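Q: If you read the sequence shown in my numbering, its first letter stands for residue 2, the second for the next number, and so on.
Cβ atoms here follow ideal geometry from the backbone N, Cα and C, with glycine treated the same way.
Everything numeric in this text was worked out from a predicted model, so none of it was measured.
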Amino acid sequence: MTFAAANLISDAHEGIGRIGRIPVRNLWLLMLYASDLFRDLEKAKIAVEDNPDDIADLVAEMLCRRVERHIQRNLSYGYQSREAVLGRVRGRIDLLNTERNRLLDRGKVACRFDELTIDTARNRYVRTALEEISKIVLRGALAHQCRSLAASLRRMGVAGERPSRGEVSIDRFGRHDADDQPMVAAAHLAFNLALPTESAGAKQLSLPDREITWIRKLYEKGIAGFYDVVLSQRGWRVGAGKTIGWQVESKSVGIDKILPSMRTDIILDNSDAGRRIVIDTKFNSVVTRGWYREETLRSGYVYQIYAYLRSQEGNGDPLSENASGLLLHPSVSDMVNEAVVIQNHEIRFATVDLGATAMEIREQLLHVLE
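Structure, rendered in C-alpha cells:
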C-alpha cells in the first residue's frame, strides 16, 4: 500500500471520507485508542468498535458532560499578564513607557501586572473544542448542546480566540485544578477528531507529507494505547517507547557519541505466561520489491528486530531468553501474518487492515499476539 500517493476521497454511501484508502472513522478509532478516554470507556464496558461511526458523538457527549459539571462547580481561573496605563500603581511599573509618554505629567503610570481571569487558554481551548466537534456529530440535538455550552462559556467571559498549540502545550495542572484534566483530555480528542474533516468544502484534498507524518505517529500511539488498556486487564505489563541497552563488554573512548540506542515502540510482558513480545510499528508496506524476487521483507527491519531480541539475552531477565518480536504494518485489504523462529526467538511479520471494520481491527490486533 502506498500512502504518499493516496488522495482524500469521499464515500458516498456512508457519507464518511477517507484519508488515502483509510476511512476517517478508523482514524477516529486510532485517535480514541491513543487517548486517555479509551481507558474510561473500557472500564464502563462501552464497546466503541460496535458503532465506530458514533465515536464523534460519544466523545462529544463526554466533553459536554464534563463541561457541564465544571460550569456547575465553577470553571478554573488563571492569571493573565496585562499591560495598562493606570491612575495608580498596580504590579510593576513600566519605566520606559512611563517616561517616553510623559505619563507622570498627567498623573498616570504604565504598569505590568497579572490579572485573575476566567478567559484562560485552557477554557478557550475547551470552548473551541465544543464549537469544532459540533460540526461533525451525527445527532442534531447533540450538536445543539455543544453550541449551547460554547455560547454559555462565552457569556461567562471565555471570549478570547482559540489558543495556539504553544499555549496549550505549556499548560500545567496543579493540585487545585487537577479535576480539569479529564475535560481537557476530552477537548483534545474532540480537536483531533475534527482534523480530518475540517477542510473547506468536502473531502477532495491531496495527502501532503505532513499528513503522512501525522498518521504515522497516530498509528504508533493508537496501537500502543490499545494494547495498554486491553492487555493490562489480562495480566500483561505494557511499556511504550522504552530504550533497551547494548550489553557492552568493552568500548573505545568515543563510541558512546556515535553508537545508536535501541528504542522499542512497545514491549508486552506477561510473567505468569513467561512471554515477552517486542513490537515495532512500521507505517509502510510489509514487503518491498527484491533484487531477485517479486516481493521480499525489508531486510533493515528484520535486522533491527533481531538485534532487539538477541542483544538482551543473558542479561538476567528470563523473559529475554525466548522473547518474540512483531513487526506490525498497516494495510488495506492485503493481509500478511507470517512467522519464523530464529535462534529460539519467534519473529512475526503481520499487518492490520485499516480498511476493515472497527471490530475486525480489534480482533486482528489481538490475533497477531496469539
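Does the distance from the CB of D270 to the CB of I280 come in under 8 angstroms?
A: No; because the gap between Cβ atoms is not below 8 angstroms, this pair is not in contact.
Q: In the structure shown, what three-state DSSP assignment does A203 receive?
A: Unreliable positioning characterises A203 in this predicted model, as indicated by a pLDDT of 37, which lies under 50. The coordinate reading is nonetheless provided below. A203: coil per DSSP, three-state reduction.
Q: Is it true that the region 110-126 meets the region 71-81, where meeting means three or more beta-carbon pairs spaced less than 8 angstroms apart?
A: Yes: the two stretches touch, three or more of their Cβ pairs being nearer than 8 angstroms.
Q: Please classify A274 as buried or exposed, where buried requires at least 16 neighbouring CB atoms within 10 angstroms.
A: A274 is exposed by the Cβ-count criterion.
Q: Do you know offhand how far D181's Cα is from A142's?
A: Their Cα atoms are separated by approximately 25 angstroms.
Q: H346 bridges to which residues according to DSSP?
A: For H346, which the question treats as bridged, DSSP gives the partners I343.
Q: Taking its Cβ as the centre, do 16 or more other Cβ atoms sit within 10 Å of Q313, making it buried, or is it exposed?
A: That one is buried.
Q: Counting only the same chain and skipping the five closest in sequence on each side, list residues whose C-beta sits under 8 angstroms from that of E371.
A: Contacts found: none.
Q: How big is the Cα-Cα spacing for L30 and R217?
A: Rounded to whole angstroms, L30 to R217 spans 14 angstroms at the Cα level.
Q: Is the beta carbon of R74 closer than 8 angstroms to that of M184?
A: Their beta carbons are not under 8 angstroms apart, which means M184 does not touch R74 by this criterion.
Q: Would a C-beta distance cut-off of 8 angstroms place A85 and T99 closer than the cut-off?
A: No, the Cβ-Cβ distance between A85 and T99 is not below 8 angstroms.
Q: Closer than 8 angstroms is the cut-off here; do at least three beta carbon pairs connect the region 342-349 with the region 297-311?
A: In short, these stretches touch, since the Cβ pair count reaches three.
Q: From the DSSP output, in three-state form, read off I119 for me.
A: Note: I119 maps to coil in three-state DSSP.
Q: With R89 and I56 assumed to form a contact (beta carbons below 8 angstroms), what rounded beta-carbon distance in angstroms separates them?
A: Contact flag wrong, Cβ pair sits at about 54 angstroms.
Q: Which two residues bound the contiguous beta strand (DSSP E) that contains I280?
A: Looking at the DSSP string, the run of the beta strand (DSSP E) that includes I280 is 276-282.
Q: Using three-state DSSP, classify P1 as helix, strand or coil.
A: Since the first residue shown for the chain is 2 and the last is 371, residue 1 is missing from the structure and cannot be characterised.
Q: Taking C-beta to C-beta, are E50 and M360 nearer than 8 angstroms?
A: Yes, these two residues count as a Cβ contact at 8 angstroms.
Q: Decide if the region 221-237 is in contact with the region 159-174; the criterion is three or more beta carbon pairs, one per stretch, under 8 angstroms apart.
A: Segments in contact, no.
Q: For the alpha helix (DSSP H) containing E100, list its first residue and its last residue.
A: First-last of the alpha helix (DSSP H) with E100: 96-101.
Q: Does the beta carbon of V60 sit closer than 8 angstroms to a beta carbon anywhere in chain B?
A: In the structure shown, chain B does not exist; there is a single protein chain.
Q: Rank R238, G161, R156 by C-alpha distance to the C-alpha of L320 and give the top, closest one.
A: Among R238, G161, R156, the Cα nearest to that of L320 is on R238.
Q: Between which residues of its own chain and A241 is the CB-CB distance below 6 angstroms, once the five residues before and five after are set aside?
A: Excluding positions up to five away in sequence, the list reads A225, I267.
Q: Would I137 be called buried (16 or more neighbouring beta carbons within 10 Å of its own) or exposed?
A: It counts as buried.
Q: If I follow the unbroken beta strand (DSSP E) through A142, where does it start and stop?
A: Here A142 belongs to no beta strand (DSSP E); instead the alpha helix (DSSP H) covers 141-157.
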